[in-house]
Every structure is written in C-alpha cells, then in structure tokens.
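Read the structure below first, then the notes.
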Amino acid sequence: MGLKALKNLIFGLVALVLAGATLPAAANPVSTPNVKAWLISEMEEVPAGTTFWVALRQEIREGWHTYWKNPGDSGEPTTIDWVLPEGFVAGDIVWPAPERIPLADLVNFGYSGDLYLLVPIIAPADLAPGTSVTLTANARWLVCKDICIPEEATLTLTMDVASGDVAANKIWQKAFSNTRMALPIPSPWPASFGQRNESIALQLDMGSIDLPSIKSVEVFSSQEGVLKNAVEAQFQKTERGLAIQLIPGTRADEIGDTFDGVVVIEEDLKDGVVRRAFQVEADRAAFSDLPAPNVLSAIDIPIWQALVFAFIGGLILNLMPCVLPVLSMKALDIVRQAREAPWIARQHGLSYAAGVLVSFLIVGGVLVSLRSAGDQIGWGFQLQSPVIVTLLAYLMFAVGLNLANVFSFGSSMMGIGSGLARGSGLTGSFFTGVLATVVATPCTAPFMGTALGFALVQPMAIALGIFGALGLGLAAPYLAVSFSPALLRLIPKPGAWMERFKQLLAFPMFATAIWLVWVLSAQVAANVVILVLAGAVLIAFAAWVFESTKMATGTWYVAGRVLAVLAVGGALALIDWSPQRAAATTTHSKLPEHAEAYSDNRLKDLLAQDRAVFVNLTADWCITCKANESVAFTAAVHEHMTQHDIAYLVGDWTSYDEEIGQKLARFGRAGVPLYVIYPKPSSGKEPYLLPQLLTEGIVLDAFEGL
Amino acid sequence: MLTISTRSKLFALTFCVAAATSLLLAFADRSTAAERGPQIGVAAPTFTGTDSNGNTVDLSAFSGQKVILEWTNHDCPYVRKHYDESQRNMQTLQASTTGAGAVWLSVVSSAPGKQGHVTAVQANELSESRGASPTAVILDGDGSIGRMYGAKTTPHMFIIDEAGVLQYMGAIDSKRSSNPGDIPNSTNYVAQALGELGDGNVVSTPVTQPYGCSVKYSG
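Residue numbers (the numbering used here), protein chains in the order written: chain A, 78 to 783; chain B, 1076 to 1294.
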C-alpha cells in the first residue's frame, strides 16, 4: 500500500467520524440498562406542509421485551410524549403485530429484538427553508424478562427544513420500508364475531378458498382483558373461511358492537413460514350464525368411510344390552307377521326402519345445530341431564313391565290378524323404531365414535347423511329378516316359547333401568335418587291399575284410567325439573389409587415433567367405557403404569364438562370413550389413540410403544 | 305389547314431548357452565392459607367483614410506586380500611427463587419497614390462591363483601404507571368501591384492567 493510499484512507476515516459527529442525532441514541433507543426520521429533511414519518427504535436486550398497545395479562405499553415546535402535530404510534410472550400462567403481548415504532408527524406549511427544527420525544417503556423495569429516555432529533424535494434518509429508509411491510394490513375479508357464555367465535369470510397451508392463527384484541390471553386461539377451516374460537376474559362484557384486533396467520409455504398480520374489525353477529368453532385435527377420513363406519356402528348397536330386548321383540313380531303374510311383514320392516331413520335424523339435527351454537356436547350428551336419565329409567322400567305382562296395550281379545287387517300396526312399528333409537342413545358402539366425531364437524347435509347411515345400520337386520324368506326360516316357528322369551327379555330392561339409576346417583344427591325409585313404584302401580281396569266398564274403567294417569303424573312430579346440570363435582366411580382427575393444566404439568401420560375419558353412562374398564384395565395394566411411571389421568364426562368436551373435539371425537397415550415429550413421539374396544393385550401392547 | 296400537301412540308421543321438553330445559342452563375465574356478584372462591406468623387464614372465617385481597411483590416497580414514602398510597388505604373493621390480606404468590418471594420473617420485616398494616400477609409460594383468583399482576386487587360476594376486581387505580407522582391524579378504584359499598350503593366500576408486573408464578 502506497503512502498516498494510506493518506486517503486516514482522510476517509476522519471524514466518516466527523460526518457521524455532525449527524443531527447528538442526544440520540440513548442507552438504558436494557434498551438502546433511537429517534429516527425516514426523511433527510423536514418537508414543510406534509406528513413525514419518524420512529422510536428500540434495540431490546436479548431475552427481554417491551409491550404492545394491549400488553396482555401484565405490563405496560410504550408511550411517547412529544415536545414539538409550533405547528407540528404527532400522530399515534402505528403498532407492528406483537408476539405472544408466555410467562408461567400468564401471557403478555409485546416485542423482542429490534423494534421500530412508527409515528406520523405533520409539519406545518409555513416553515422557512434552511432553518432547523428539533423534535423531542419523552419515551417511557416497561422492559421485562422475568422481572420488569420501567425505563425512559428523552430523545431529540434536529432536522433541517427542506427547500425543495426531500431525499429519504439513506441509513434508515430500509428499516422504515421493512417495518411498514410487516405492519398489519386491513383485513380484505368481512369479519364477524359472536359471543356466548364461555366462547367467542370470530369468523373471517375468506370464502371456500383452499387454505391447507395455514399453520397457526393468533388473535390479539386491541381491547384489554376481553380475551383469556393464556388460551391460544383455536381455528378451523370452514366453507365460509376461517372459524376461530376464543375464550372470553374477565372484561368480555365490555366488547361493544365491534371486535377490534389483529389476527396473525402463519402459513407454511414452500419457501418457509410466512407470517402475515391483519387488522380486523369484526361486527357483532348472532352466535348461531357462525360456523361451529370446533377443532378438527384428528379426523381426516373420506366421507364414504365415515358412512361405512356409521353403518357398521348402527349394526353393532343392535347388540347393546339396552337395545336388544326391544329389537328382539320387533324381530318376533316380524316373524309372526311374515308367517301370515310376507308383504305385511315387509311393510312393518319398512315403517320400523322409517321410525329409526326419522329419530336418528332428528337427534342428529339437534346435535349438530347445538354444536354449531357453540355447545361442547357429543353423543350421549342426553345422559348428562339428570332429568333425561330419570325419564329413560322410567321408560326402561315401563317397557320391562310391559314385557313381563304386567300391562299391555290393546285388548287381549284383539287378534293379531285383526290388528294387521286394520293396518294400525304400522304406526306401532314406526314408534318401535323411535323407541329403539331412544334406548340406543346411551350406547356408543365401536366404529360409531369416529363416524360421529366426523359428522359433528361437517356441514348439516353430510352430518345428517352419517346419522342416516347409522339409523340404517340399526334397522338393517330387521329389514333383512322381513325381506328375506331364507333368513326368516332360520328363526324357530312362532309358539308358546315366544311369550316366555318375551317375558325373559323384561329382565335386561330392568337391569338397564337400574344402571340408569346408578348413573343418576352419580349426578344428583341421594334423596333425589330415592324419589326416583318411589316414582318407579308409582309407575308400576299405574301399570297395574291400567291393566286391572282395562276390561272394566263405566265408572271403574274411568277411575282406573284416572288413577293410572295420576300415578304417572306423580312419578313425573317427583323428578327434580329444575334446570340444573348434574353437579360436576360429584366423584363417584372409584379411581385406582394412582389415577388423577383429568384437566388440561394437569396434563400440561405432567408433560412438562417429561412423563408419559395415559388419558382415559369416560362416563358412567357409557357402557363401552365401563366394559373396557372392567375387562381391559386389569391389575396387570395398572401395575405396568405404576412401574413404568406412566401417569394416569381420568376425565369423567358423566356430567357436562366443557374442558373434556373440547378435548374430545380436539381428537375428533363426539363422545366417550377416548383413550390417548402421550409418550414422554423427550422421546419425540406423537400422542396416539387406542381403539374404543379394548382388551388387556391391546393396552399393554400400546404401552410397549412408549 | 309392542305390536302397539293407537293408544300406544299416545304413550310414545307423550314420551317424545317429555323428552323434548327436558332437552330444552337441560340446554337452558348451559349458560351457567362455569370457569371464567372469579366473577363479580358471585361468591368469591374460598381458600385457606398460611400467613407470615404461621397462622392459618381461612377466608370463610371473615364472613360479616369486608375482605380486601392485595397481590403484592415488594420488588415490583408498580408495587413500589404504591408503597413509596412520598405518597404512602397502599399503607394509607390499609390503615383506613382495617381501621373501619375490614380485613386486608396481602398475598405473595411469587414462587421460591422468583422476584418477590419472601420468607415469613422477610414478610414481617417488609411490613415493618414500609409501615404496612395488612391484617395478614399470606404466603402463597405455590400460587394456588393466585391461580384460583386469576391474579395476573402486582398489584391486583379484589374486594369481597360481608356476605362473601366478590364486588371488585382489577387495578388499584386508574393510572397505569410506575411513577408515584401519578397517584394524586388518579382515581383509586379500591377506595371508590369501598366508599360506594359503605354507602349501600353498587360498585360503579366493578371490573378494571389490573396493571403491574406479572405475578411470578412457579413453572
């Protein structure tokens, strides 16, 4: 290197230093212990009579953060008090989209790293070119890691007033444009929101565009306290676009007619994850007008498969102990009728099937619309209401009494033939179908779980198709028998055995009634259960009076009917009709010693301790669950869990429980049972589901996968 | 018989109507589904805790008295603001409320090893040195009481009335800052609510956004 070159270099360096020293940012930047702050301008000089942009830049110490305008559960947003020359006006800070900052149980919203808070400044028109102005920002912020420190800085920026065109500041121009590109943009889609109880549904009407790449959705409310910040938004792609579910916070009542906030959508694209922020102003809408904000993750099965599963599930439903007696009776009727006139048997088979189908469609319709209204309910939800459990117990008992010949409808003189000739039996068959559906509701047959879980997150038409397939499955054996002479021949000839068999079937019905009372005893206080048992006595009395006076005439006949109605009315009056959900706190089923009650938090805790967890979501009214628990959860299984340090969490859905409802939805299930094994997080393995019908072997094999 | 005739239609219909009615009833109360944490106008969650003198403190024992819960962390700048000697904001409020027969419970939910965690001795020394006069300082190192109340910040204030019903939750006052100089120009929500309750009125601002440092929970 020659002498001249060296001289040039030194000269250049000196010039650079001098230039730096003469930058108008003499009191700028200011370093506090945790933040280095600048006040910068996008323009080299002040353009008179127009708006130009300045920014408070914060270079935040690693691991620390400052806050958004809604700081979340704690914290304080950064503020700027301006001291400006005459005629200058500063606008509000234009906030970039924040990040979620979790801190133990709390979540704050803010920024880390290098932050530019843009502020528009309006310069007056009557500035003399060549003079200079000084902008002073008294900036205050709270900077936190695990502890919080309030800091402040007085930043000054002196700029010349431009005489002509203004050039952009070469140093900061890029930072300004980058920041601007990342700012939330007004949402291009219409947005609406609805609020109901423990749920806020936010809907972005993006249309039916395919959005398979959406990885995460975050919602930041501009208003503080209206959302439960610690709960992440759950989202689902629907026909209308994006349905987001949020949990209201302590001040949710203060949301007005619009929900104002920022929605950040992360998309997984080929060239990496793209994070885009949208400013959303959602108008209030009726909650029920918004698509169901349920999370669909586990189920991604084709529709035909769901239909097949539903059909098989319906078939298996026939074997459930509560359904079998009713259906056996139906079968016997069909046999009898078919011997007399096959075409009549076919009519009965069809009207029975119609009864089943119509009731399944009604139940399905009710279920899907309640779901879309935001209720976390599933198959078997009826049994979460003590009133319905009681009514079902009464019904089972009454059917049992009927089967046991304590009472019967119609005159005993009325021959089967005459009934058939009048054709009135067809409505009877229809209602037998309805009855079969009603008694089938407590049972979730294997295969039904997946199909129903799928159905509940589908549009109404598809959901109803699946419920229809379920009904067809339930009705199929009887349709087959009534249509196929070959099958009919397999059933023994009608005779006296049919009467005996019918009476025998009363016992499963009584057993079912007892089981329902047991379910009830888990939901209500003991005295309520006793009242229900007293109601059963009244029903038995009504049946007896009804039967005894059936053949009587005149006063006795009337008195008998009146007494029977009074007794049934009395039984109904003994029910506690007050609309109270079963107290969720009652613990009933004895848990094994090492089991704990399920909660999302407990699960998180255990996983945080790097423990494997077995989750069993069950209910007393779920026969499949109870069967599994007695057959598959043997001493060996429990011993395996204690020996291998597998935590056992039992969620009881006997009574309504929103958390468990959501958990089921997350796994794409509409009802219990649900068995999930969470391997140790350190193993890197994904949680996996067990089938709905278990054996000891299946469970132990599943543990091997840990 | 299940070859049912016309009468059985009545039976089936009656049942369907009953089932439908009870379904409606059952869903009418879905609105009461719980767990948004404590709610204004509803009985405040009860708890028992241990105070800095080793005594057991049972919230339900204070029935008939107003109870003020104050979440605190002596090293938090926002707490320091309200205990600052220049204003003695918290101390004054403690003295006037306990003097009027109310119970003031300061709760420390900072986990061991985290900012604001205190031993019983330190807690008493702090009350001494700051001239604080709470009825008791409850040591809630495992955060169970804090989580029960959804306490988010220090300070975070709750007022429970004589009947055990929650009447106020939120900030100590209206100016979110750590500067004691802002205190004279702010509305003290706790004092305001206590005044309104004392006059037999309903609390005009029962829920506000608490501000301050996050409660330093374990985990």
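We put the beta carbon where it would ideally sit given N, CA and C, even for glycine.
Quick caveat: nothing in here was measured; it's all calculated off a predicted structure.
Can you pull the chain B neighbours of residue i, defined as C-beta to C-beta under 9 Å?
{"i": "leucine 438(A)", "result": "Simply none; closest approach about 14 Å."}
{"i": "cysteine 225(A)", "result": "Cys1151, Pro1152, Tyr1153, Gln1190, Ser1253, Gly1287, Cys1288, Ser1289"}
Quick one: Cα of residue i to Cα of residue j, how far?
{"i": "arginine 688(A)", "j": "aspartate 722(A)", "result": "7 Å"}
{"i": "serine 108(A)", "j": "leucine 694(A)", "result": "55 Å"}
{"i": "leucine 427(A)", "j": "valine 516(A)", "result": "20 Å"}
{"i": "threonine 256(A)", "j": "glutamine 135(A)", "result": "13 Å"}
{"i": "glutamate 1237(B)", "j": "glycine 1139(B)", "result": "4 Å"}
{"i": "isoleucine 262(A)", "j": "glutamate 139(A)", "result": "28 Å"}
{"i": "glutamate 331(A)", "j": "threonine 1131(B)", "result": "38 Å"}
{"i": "threonine 701(A)", "j": "proline 750(A)", "result": "7 Å"}
{"i": "leucine 529(A)", "j": "valine 433(A)", "result": "17 Å"}
{"i": "tryptophan 141(A)", "j": "valine 601(A)", "result": "51 Å"}
{"i": "alanine 98(A)", "j": "glutamate 121(A)", "result": "With a pLDDT of 38 at alanine 98(A), under the threshold of 50, the predicted position of this residue should be treated as unreliable, and no value is reported."}
{"i": "alanine 200(A)", "j": "glycine 164(A)", "result": "7 Å"}
{"i": "isoleucine 607(A)", "j": "glutamine 720(A)", "result": "43 Å"}
{"i": "phenylalanine 264(A)", "j": "valine 357(A)", "result": "Just to set this straight, residue 264(A) is serine in the shown sequence, not phenylalanine. Each residue's Cα considered, the two are about 5 Å apart."}
{"i": "leucine 195(A)", "j": "leucine 183(A)", "result": "28 Å"}
{"i": "valine 1183(B)", "j": "leucine 1168(B)", "result": "18 Å"}
{"i": "phenylalanine 186(A)", "j": "glycine 149(A)", "result": "5 Å"}
{"i": "aspartate 237(A)", "j": "alanine 125(A)", "result": "10 Å"}
{"i": "glutamine 461(A)", "j": "proline 173(A)", "result": "46 Å"}
{"i": "isoleucine 157(A)", "j": "leucine 192(A)", "result": "15 Å"}
Given a cut-off of 9 Å, decide if residue j and residue i are closer than it, judged by their beta-carbon atoms.
{"i": "methionine 1244(B)", "j": "proline 1120(B)", "result": "no"}
{"i": "isoleucine 380(A)", "j": "isoleucine 539(A)", "result": "yes"}
{"i": "valine 220(A)", "j": "valine 340(A)", "result": "no"}
{"i": "tyrosine 675(A)", "j": "lysine 740(A)", "result": "yes"}
{"i": "serine 1261(B)", "j": "aspartate 1274(B)", "result": "no"}
{"i": "phenylalanine 336(A)", "j": "glycine 477(A)", "result": "no"}
{"i": "phenylalanine 437(A)", "j": "threonine 514(A)", "result": "yes"}
{"i": "proline 267(A)", "j": "alanine 239(A)", "result": "no"}
{"i": "glycine 1221(B)", "j": "valine 1290(B)", "result": "yes"}
{"i": "phenylalanine 531(A)", "j": "alanine 383(A)", "result": "yes"}
{"i": "proline 402(A)", "j": "leucine 480(A)", "result": "yes"}
{"i": "alanine 310(A)", "j": "leucine 279(A)", "result": "yes"}
{"i": "leucine 615(A)", "j": "valine 642(A)", "result": "no"}
{"i": "isoleucine 754(A)", "j": "glycine 774(A)", "result": "no"}
Is any heavy atom in the ligand COA found nearer than 8 Å to the beta carbon of residue i?
{"i": "alanine 713(A)", "result": "Looking at this structure, you won't find the ligand COA or any other ligand, since it has none at all."}
What residues from chain A crowd round residue i, counting only those whose CB sits closer than 7 Å?
{"i": "valine 1240(B)", "result": "Near valine 1240(B) there are no residues of chain A at all, since even the closest Cβ is about 16 Å away, more than 7 Å."}
Output, in chain order, the set of chain A residues within a Cβ distance shorter than 9 Å of residue i.
{"i": "methionine 1244(B)", "result": "Thr327"}
Looking at chain A, is there any beta carbon in it that lies within less than 9 Å of the beta carbon of residue i?
{"i": "glutamine 1284(B)", "result": "yes"}
{"i": "threonine 1228(B)", "result": "yes"}
{"i": "glycine 1124(B)", "result": "no"}
{"i": "glycine 1225(B)", "result": "yes"}
{"i": "alanine 1186(B)", "result": "yes"}
{"i": "phenylalanine 1102(B)", "result": "Confidence is the limiting factor: at phenylalanine 1102(B) the pLDDT is only 35, short of 50, which leaves the residue's position unreliable, though a coordinate-based value still follows. Yes - at least one Cβ of chain A is within 9 Å of the one on phenylalanine 1102(B)."}
For residue i, decide whether its Cβ has a neighbour in chain B, counting only Cβ atoms nearer than 9 Å.
{"i": "alanine 244(A)", "result": "no"}
{"i": "glutamate 331(A)", "result": "yes"}
{"i": "glycine 810(A)", "result": "Shown here, chain A extends from 78 to 783; a query on residue 810(A) therefore has no answer."}
{"i": "alanine 779(A)", "result": "no"}
{"i": "leucine 219(A)", "result": "yes"}
{"i": "threonine 664(A)", "result": "At threonine 664(A), the pLDDT of 43 sits below 50, so the modelled position is not reliable and the matter cannot be decided from this model."}
List, in order along the chain, the chain A residues whose C-beta lies closer than 8 Å to that of residue i?
{"i": "glycine 1294(B)", "result": "Ala181, Asp182, Asp682, Ala685"}
Given that residue i touches chain B, what residues does it touch there, using C-beta distances under 7 Å?
{"i": "glycine 302(A)", "result": "Gln1284"}
{"i": "serine 785(A)", "result": "Coverage of chain A is limited to positions 78 through 783, which leaves residue 785(A) absent and any answer about it impossible."}
Contacting positions in the region 170 to 187 of chain A - beta carbon closer than 9 Å to chain B: Within the region 170 to 187 of chain A, the residues whose Cβ lies closer than 9 Å to any Cβ of chain B are, in chain order, Leu180, Ala181, Asp182, Leu183, Asn185.
Near-chain A residues of the region 1210 to 1222 of chain B - C-beta to any C-beta below 7 Å: Arg1222
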